[in-house]
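Enquirer: 111 is the number of the first residue of the sequence shown in our numbering; add one for each residue after it.
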Amino acid sequence: MKAARESNPASRAAWLRGEVQRHERLYYALGKPEISDREFDRLMAELVALEAASPELVTADSPTRRVGGEPVSGFAMVLHEPPMMSLDNTYNLEELREWAARLERLAPTEAAVGFGFVAELKVDGVSTSLLYEDGVLVRGATRGNGMVGDDVTENLRTVRALPLRLPPTAPRHLLVRGEVFMPRSEFERVNREREAAGESLYANPRNVTAGSIRQLDSRQVASRRLSAVVYQVADGPHFAKHSEGLERLGEWGFPVHDSWRRCRGLAEVEAFIADWRERRHGLGFETDGVVVKIDDLALRERLGVTAKAPRWAVAYKYEPEQAETVVRGILVQVGRTGVLTPVAEFDPVLVAGSTVRRATLHNYEDLSRKDVRVGDTVVIEKAGEVIPRVVEVRLDRRPEKSQPFEMPTHCPECGEAVVRFDGEVATRCVNPECPAVRQETIRHFVSRNAMDIEGLGDERIAQLVAAGMVTDIPGLYRLERQTLAALPSWGEKSADNLLASLAESRQRPLARLLFGLG
Ligand code: AMP
Ligand code: ZN
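(1) Mapping the DSSP letters down to three states, classify residue 563 as helix, strand or coil.
(2) Using three-state DSSP, classify residue 442 as helix, strand or coil.
(3) Spell out a yes or no on whether the segment 394-410 and the segment 215-226 are touching, meaning 3 or more CB-CB pairs, one atom from each, closer than 8 Å.
(4) Does the distance from the C-beta atom of residue 372 to that of residue 228 stay below 8 Å?
(5) I'd like to know whether the C-beta atoms of residue 187 and residue 253 end up nearer to each other than 8 Å.
(6) Is the beta carbon of residue 199 within less than 7 Å of some heavy atom of the ligand AMP?
(7) Just checking residue 425 against the ligand AMP - is the residue's beta carbon closer than 7 Å to any of the ligand's heavy atoms?
(8) Report the three-state DSSP secondary structure of residue 165 (helix, strand or coil).
(9) Taking the alpha-carbon of residue 486 as reference, which of 178, 456 and 462 has the nearest alpha-carbon?
(10) Spatial neighbours of residue 453 within its chain, please: CB distance less than 8 Å, with the 5 preceding and 5 following residues excluded, ordered by chain position.
(11) At what residue ranges does the segment 197-273 contain a whole run of the alpha helix (DSSP H), taking only runs of 4 or more?
(12) Does residue 328 come out as helix, strand or coil in the three-state DSSP assignment?
(13) Report the partner residues of residue 435 according to the DSSP bridge assignment.
(14) Which runs of the alpha helix (DSSP H), 4 residues or longer, sit entirely within the segment 401-434?
(15) If distances are taken between C-alpha atoms only, which option among 459, 606 and 423 comes closest to residue 437?
(16) Rounded to a whole number of angstroms, what is the C-alpha to C-alpha distance between residue 516 and residue 571?
(17) Counting only the same chain and skipping the five closest in sequence on each side, list residues whose C-beta sits under 6 Å from that of residue 610.
(18) Note the first and the last residue of the continuous beta strand (DSSP E) segment covering residue 555.
(19) Would you identify the three-state DSSP class for residue 121, choosing helix, strand or coil?
(20) Just curious, the beta strand (DSSP E) that residue 540 is in, first and last residue?
(21) Using CA atoms only, rank isn't needed, just tell me which of 176, 144 and 243 is closest to residue 155.
(22) Can you name, in chain order, every residue of its own chain whose Cβ lies under 6 Å from the Cβ of residue 605, other than the five neighbours on each side?
(23) Anything with a beta carbon under 7 Å from a heavy atom of the ligand ZN counts; list them all in chain order.
(24) Is residue 138 helix, strand or coil by DSSP?
(25) So the beta strand (DSSP E) residue 451 belongs to, where does it begin and stop?
(26) DSSP beta-bridge partners for residue 397?
(27) Enumerate in chain order the residues of its own chain whose CB-to-CB distance from residue 111 is below 6 Å, with the five nearest sequence positions on each side excluded.
(28) Between which two residues does the alpha helix (DSSP H) carrying residue 352 extend?
(29) Does the beta-carbon of residue 341, which I'm using as the reference point, lie nearer than 7 Å to any heavy atom of the ligand NAD?
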């Protein structure tokens, strides 16, 4: 190690790459870091500097590639061989038993001694295919339609849980399938940021992951800290059993979630399903079921596939999480376009591992069809959605004298009469001077996806609107330093910062401007 420290840039870079990779694996795949984040960052920074000074030192497997590269204009196609199939779903134990009974008819001899199954958690992310040649990640692809997907290698390199280089013990040619996902903590972080920027919240981690992985700018992907698990050797070395493949994948540095189990016969599979029903909510990522697979690969061959899914595997989907709670109030929010949306506020209740307090009742039709009233006991549901919805009103528990909800005839923010256009379900406030509409218009305009103007959170926008200092978007650009600085809790520094980001925003591309105004 000493020699490496003192030698030339090329061997120093090679040494650094090895070290960074080793620490990444310890941190992301094994969860056993040996050095602090600071020390890690220092190693990485030195490697970045070395490569910047001598670009010929950059290799395909360099961990510096994890920060992303230049945006691309589109993705190349990847042909999946073997195809990436989907799975048949079962929604209860009866359906699962029917699946097993079908296998028994197809393979009675093996069934007699009890099938060897492997049960794995079904991670709710985006499926990906990863190709390693000579131990280096050379291609990563989305599933697409199962036959053809998108080449998103640059984006997948930013996923730190995935090894860029395998140890020498790994096969020279290896095709692996897995699932890329956004950890719950990261999802919450992203949504907190969006909330602070006044942007709409993402409904669930899977959608953000799917959107991120198909971003053309891999630096954007790197800023979303995605993670991954792998669950299948799709091509490469020959194994007798799937479970052997899982064990080897772990040894080669892949993130294999250690929850998987070998199960003899269906009873053990059912025990696994019961065991994880609640436990899974304690994991750092979303799961929506269990995948049950035949372990013996020769038997898999014999069982074969149907047009869309293998016969030798099935997904068991957990029932959506439901809970009952009592509606304490229904408020009406006014959005940017003036649309009024009722929001139910209820007693806090735990569903699928998190506490929820409110649900948007989407639109008035939805609300009146379900006739949700203050005081009602309602059943709410989270089905792969972080934002819950009301699925049912328990009419048997409705208090006497409850009143049906009525959409206000006047805007709760400005008091003007609201209107409902023919053929539209939405009720709107059309007052151009409505503070809520103004607030939301500005909030959208300054948000990160639009003009990305810093220094204007919700409270500050409300301040400006209430003080009559901004009534429309051009008004933002007429703000003056003196008046801003004099506002409560502002001061000169905040005023200068805002004016600087407003000035900077004039350089934004037209597309962003149009989006901001749209
Ligand atoms: P579906 O998309 O509902 O047809 O389900 C199939 C998908 O489940 C696969 O394409 C994978 O992306 C995903 N999946 C998640 N975890 C696993 C696992 N342990 N084994 C196989 N597939 C999995
Ligand atoms: Zn209004």
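Even for Gly, the Cβ is constructed at its ideal location relative to N, Cα and C. Given the structure is predicted, the values throughout are model-derived calculations rather than measurements.
Expert: Taking the geometry as given:
(1) Numbered from 1 along the sequence shown, position 453 holds the residue referred to as residue 563. Residue state, collapsed to three classes: coil.
(2) The sequence position of residue 442 within the sequence shown is 332, counting from 1. Residue state, collapsed to three classes: strand.
(3) In short, these stretches touch, since the Cβ pair count reaches three.
(4) As a first step, residue 372 must be located in the sequence shown, where it is residue number 262. As a first step, residue 228 must be located in the sequence shown, where it is residue number 118. Yes, Cβ-Cβ distance for residue 372 and residue 228 is below 8 Å.
(5) Residue 187 sits at position 77 when you count from the first residue of the sequence shown. Residue 253 sits at position 143 when you count from the first residue of the sequence shown. In this structure, residue 253 does not lie closer than 8 Å to residue 187 by Cβ.
(6) Here residue 199 is taken as the residue at index 89 of the sequence shown, counted from 1. Within the cutoff, so yes.
(7) Counting from one through the sequence shown, the residue named residue 425 turns up at place 315. Yes, since a heavy atom of the ligand AMP falls inside the 7 Å radius drawn around the Cβ of residue 425.
(8) Numbered from its first residue, the sequence shown carries residue 165 at position 55. Reduced to three states, the DSSP call for residue 165 is helix.
(9) Along the sequence shown, read from residue 1 onward, the residue named residue 486 stands at position 376. Comparing Cα positions, the closest option is 456.
(10) Start at 1 with the first residue of the sequence shown, and residue 453 comes out as number 343. Correct list, in chain order: 440, 441, 442, 443, 468, 469, 470 and 471.
(11) The qualifying runs are 203-216, 218-222 and 263-267.
(12) Within the sequence shown, numbered from 1, the residue matching residue 328 stands at position 218. Of the three classes helix, strand and coil, the one that applies to residue 328 here is helix, per DSSP.
(13) Along the sequence shown, one-based indexing puts residue 435 at 325. Answer is 488, bridged to residue 435.
(14) DSSP runs (the alpha helix (DSSP H)) wholly in the segment 401-434: 407-413.
(15) The sequence position of residue 437 within the sequence shown is 327, counting from 1. Of the candidates 459, 606 and 423, 459 places its Cα closest to the Cα of residue 437.
(16) Position 406 of the sequence shown, counted from the start, is the residue given in the question as residue 516. Position 461 of the sequence shown, counted from the start, is the residue given in the question as residue 571. Rounded to whole angstroms, residue 516 to residue 571 spans 30 Å at the Cα level.
(17) For the purposes of this step, residue 610 is identified with residue 500 of the sequence shown, where counting begins at 1. If we look at residue 610 and ignore the five residues flanking it on each side, it has no Cβ neighbours.
(18) Position 445 of the sequence shown, counted from the first residue, corresponds to residue 555. Unbroken run through residue 555 is the alpha helix (DSSP H), 545-556; no beta strand (DSSP E).
(19) Counting from 1 along the sequence shown, the entry for residue 121 is found at position 11. DSSP places residue 121 in helix when its eight states are reduced to three.
(20) By one-based count along the sequence shown, residue 540 stands at place 430. Premise fails: residue 540 is in no beta strand (DSSP E) and is neither H nor E.
(21) Mapped onto the sequence shown, residue 155 falls at position 45. For residue 155, the nearest C-alpha among the options comes from 176.
(22) The residue labelled residue 605 in the question sits at position 495 within the sequence shown. Answer for residue 605: 591, 594 and 595, listed in chain order.
(23) Cβ atoms closer than 7 Å to the ligand ZN belong to 444, 448, 521, 523, 524, 526, 539, 541, 544, 546 and 547.
(24) Residue numbering aside, residue 138 sits at position 28 when the sequence shown is read from its first letter. The three-state secondary structure of residue 138, taken from DSSP, is helix.
(25) If you number the sequence shown from 1, residue 451 lands on position 341. Unbroken beta strand (DSSP E) run through residue 451: 450-461.
(26) Looking up residue 397 in the sequence shown gives position 287. Looking at the DSSP output, residue 397 bridges to 233.
(27) Taking the sequence shown and counting its residues from 1, the one referred to as residue 111 is at position 1. Reliability of the predicted coordinates at residue 111 is poor, the pLDDT of 47 falling under 50, and the value obtained from them is presented with this limitation in mind. No residues qualify anywhere along the chain.
(28) For the purposes of this step, residue 352 is identified with residue 242 of the sequence shown, where counting begins at 1. Taken as a continuous stretch (DSSP letters only), the alpha helix (DSSP H) holding residue 352 covers 352-361.
(29) Although the ligand NAD was asked about, the structure shown includes only the ligand AMP and the ligand ZN as ligands.
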